[in-house]
Structure formats: C-alpha cells, structure tokens
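Here's the structure we're looking at; comments come further down.
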Amino acid sequence: MFRLPNVPTSDDLIDKAFHQGSKVAKATRSTRKPREKRMRVSEHRRVTVIGGVIESDLLSIVKNFPSYEELPNFHKRLLEIKIDKDVYKQSLGAVHWCLKNVQQLKRETLRDLKGRNDTRPAQDFLGRVASMVKKIRKDLDELIEIKAVLREFPDLEAVPTLVVSGYPNVGKSTFMKSLTDSDVQIAPYPFTTQSILIGHTMRRHQRYQVIDSPGLLDRPMEERNDIELQAVVAIKELANVILFIIDPNIDIGPQVSLLKEIRDSIGLRIYVAVNKSDITPKEKTEQAMQAVDGFPTFSISAQNKEDCVLVFEKIFREIDDAKQGCGKG
Ligand SMILES: Nc1nc2c(ncn2[C@@H]2O[C@H](COP(=O)(O)OP(=O)(O)OP(=O)(O)O)[C@@H](O)[C@H]2O)c(=O)[nH]1
Ligand SMILES: [Mg+2]
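Using this note's numbering, read the sequence shown as starting at -18 and increasing by one per residue.
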C-alpha cells in the first residue's frame, strides 16, 4: 500500500556513508598527481560521497513516508491505536532537520576546501556530520518501527463496503472466507483474527469490499484492547453497512448488548446473522432471533457458501435500492 523506503539505523548510515567515502578517496589518491593536489581532490570526493549517501537516504525517508495529515481517516485512527502520532511527526521532522543541515554543511565544506591547501574542513565535516546523524538515532529507530506498522495497513478501495462484526469466535472469518474465498485464518478459539482483513466479491459487475474484523467484547470502550479497537475503527470509518454475527450457542445477552452499543454509536443499518444453524437446535436459533427483534435478521451457517451469498445479496440489494453505497476509504 505505501512504498516505504529502507530506514537505516544511525550507526548503519554512518558506516555506509563513511565506507563509500573512503573507497572513492582511496581510488583518487592512487593517481599520479602531486601529493597536495591529490589530497585535496580525494577529500573533496570523500565529502561529496559521504554527504550524498546520507542525503539520499534521508531524502527518501522524508519524501516517501506519508505525512500524518495526508493519511485517510481510517489510517489515521489505526496509526493512533498503534503508535503515538506526535512521535511520528517529530521523527519525520528530525530527519528533515538532519537532511537540511547535512546539505548545508556539505556545501560549505566543499566551498571551503576549494580555497585552501590543507584538508582541515573535510576533517571537521566528518566529525560534525557523524554527530548530526547520531542526534537522530532515536528518530530513525522510531521510524523503523513505524514502517513495520504502516506496512501492515490494509489496502482500501472506494467501493461499497460490508464490515463483519460480532463477538469473538462467532464465525466472522468463516463468513468472510465463504463469501470472498479469502485465505483468512479460522480457529475454534477467540481472538483468532488480530487485524483488519479485506476481501472482495463481485456481484452484477459491481465490486464490493468485505472486511473481517477482530471480535469485540461487551465492555466499556476504555477497557478494549488494541485488537478490539481496530474493529471499532473499521466499523466507524469504513462500513457502509454492518453484518453482526451471533453465535446462539454462547451467552446471548452480552452479544445483544454489544449489538445495541454499535447501533447507538453509529447511524448505519445493521443486519444480524444468527450463525451455526447446522449444529444449533432450532429453538436456540429462534430464541436468538427473538432477542434481536427489530434488526433485519437471517439464520445461516457461515460454512455454507450459499447462505453467505444469499445474505450478502439481500443486504446489498436493499442498499442499492436506497441508493447509498460508496466506500468511505
Ligand atoms: N458448525 C459450524 N461451525 C462454525 C460455523 N461458523 C464458524 N464455525 C466455527 O467456529 C469457530 C470460529 O470461527 P471463526 O470464523 O474463526 O470465528 P471469528 O468470529 O472469526 O473468530 P475471531 O476471529 O476469533 O473473533 C471455528 O471453529 C469455525 O469452524 C458454522 O456455521 N457452523
Ligand atoms: Mg476471525
């Protein structure tokens, strides 16, 4: 999604730049010019190469990391869950500061070297440039971590979007897999899905986005963990419509309470699928359906592809009829 550049540690950047600087300096010294001239030329090249290597790496960070402000809302919220946005801004700012200073120091040093017979300005340059890069050690380390977070961000499309939500282990990923043939992980324990996963499906020449989200527990927002918060962000920022899956074989009360919390916090239409009909006694399924009275409700087995396609088509036929339906991405 983002094409992020390599971010070196400050030690690696200094090593790389100084090593390449030494190589060109050595190559220049082996020519047959007078010693003084050779020294000046070789130091001129050393400074040019060291400055160039550092500038090029820092510039590519400044240019290619998205600024916080230009991120879509969904990515802003995701970023805030995982990292401190001020740290992100500061780190990019520090890299920019270092870049400007290295550029200026390189220009001044090359100018000073021209008018002199000794190589003192080059030696000063080496010390000062190394200390500038060391000053942004923490910022580069932060950006290495931030890069790992940004790389995990899902790719979004501006198409109608269904977010699948519900308690842990109720069959959200199973529904997603049946509908979109995505290779999502399914397992008989809660919190199998730990991030937002995106699948697609085509119906009547229209592409749709289906989002599998981590399970949510019925508890106050401030007690929710980072995995749950991603699900909240998906619901708030991406959904055009929500399919809330219920497992009638576990306690219904908290699931209904969660469903109502979601309904009260957003103004979207929520459909309910009472799942696992293949292993659930009929009365239990019916009880669950009564408990969510007032919501449009289906009884399904998420393992059954036909059930999932049918539910999906009904939902989107209604949405299309109501003429809503473009992704918020
Ligand atoms: N018999 C039966 N089992 C199902 C059905 N749907 C899901 N399961 C099982 O329920 C368990 C949980 O399914 P998942 O799809 O991983 O549930 P989830 O809601 O994505 O779970 P988390 O990601 O942990 O929140 C797995 O063992 C599934 O095989 C169904 O319709 N029938
Ligand atoms: Mg899952």
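Just so you know, even glycine gets a beta-carbon here, dropped at the ideal spot from N, CA and C.
Since the structure is predicted, the reported quantities are computational estimates derived from the model, not experimental observations.
Can you pull the DSSP bridge partners for residue i?
i, result
"I(-5)", "DSSP, once it has assigned bridges, lists no residue as partnering I(-5)."
"M183", "R188"
"L178", "D193"
"V145", "D193 and L224"
In three-state terms, what does DSSP make of residue i?
i, result
"S48", "coil"
"Y252", "strand"
"G96", "coil"
"D193", "strand"
"F(-17)", "coil"
"V222", "strand"
"I167", "coil"
"F279", "strand"
"V257", "Reading the sequence as shown, one finds Lys at residue 257 and not Val. K257 falls in the coil class under three-state DSSP."
"K14", "coil"
"E315", "There is no way to answer for residue 315, as the model of the chain reaches only from -18 to 310."
Since residue i contacts residue j with CB under 8 Å, what's their CB separation in whole angstroms?
i, j, result
"A103", "E24", "4 Å"
"I247", "I216", "6 Å"
"I125", "V(-12)", "5 Å"
"K158", "V165", "5 Å"
Which residue from the options puts its Cα closest to that of residue i?
i, options, result
"L143", "L178, M20 and A269", "L178"
"A254", "T278, G147 and G234", "T278"
"N221", "M270, D228 and P141", "P141"
"E203", "E218, L91 and I62", "I62"
"V214", "I192, G234 and P235", "I192"
"E209", "Q271, S194 and S163", "S194"
"V22", "E133, F(-1), V5 and Y170", "V5"
"E218", "P235, S238 and L249", "L249"
"P169", "Q84, S163 and G196", "G196"
Does the distance from the CB of residue i to the CB of residue j come in under 9 Å?
i, j, result
"P149", "L80", "no"
"S72", "L121", "yes"
"E123", "Y69", "yes"
"S154", "T174", "yes"
"T29", "K87", "yes"
"V292", "I300", "no"
"L224", "I243", "no"
Any heavy atom of ligand 3 closer than 8 Å to the Cβ of residue i?
i, result
"K153", "Summarising the ligand content, the structure contains ligand 1 and ligand 2 and does not contain ligand 3."
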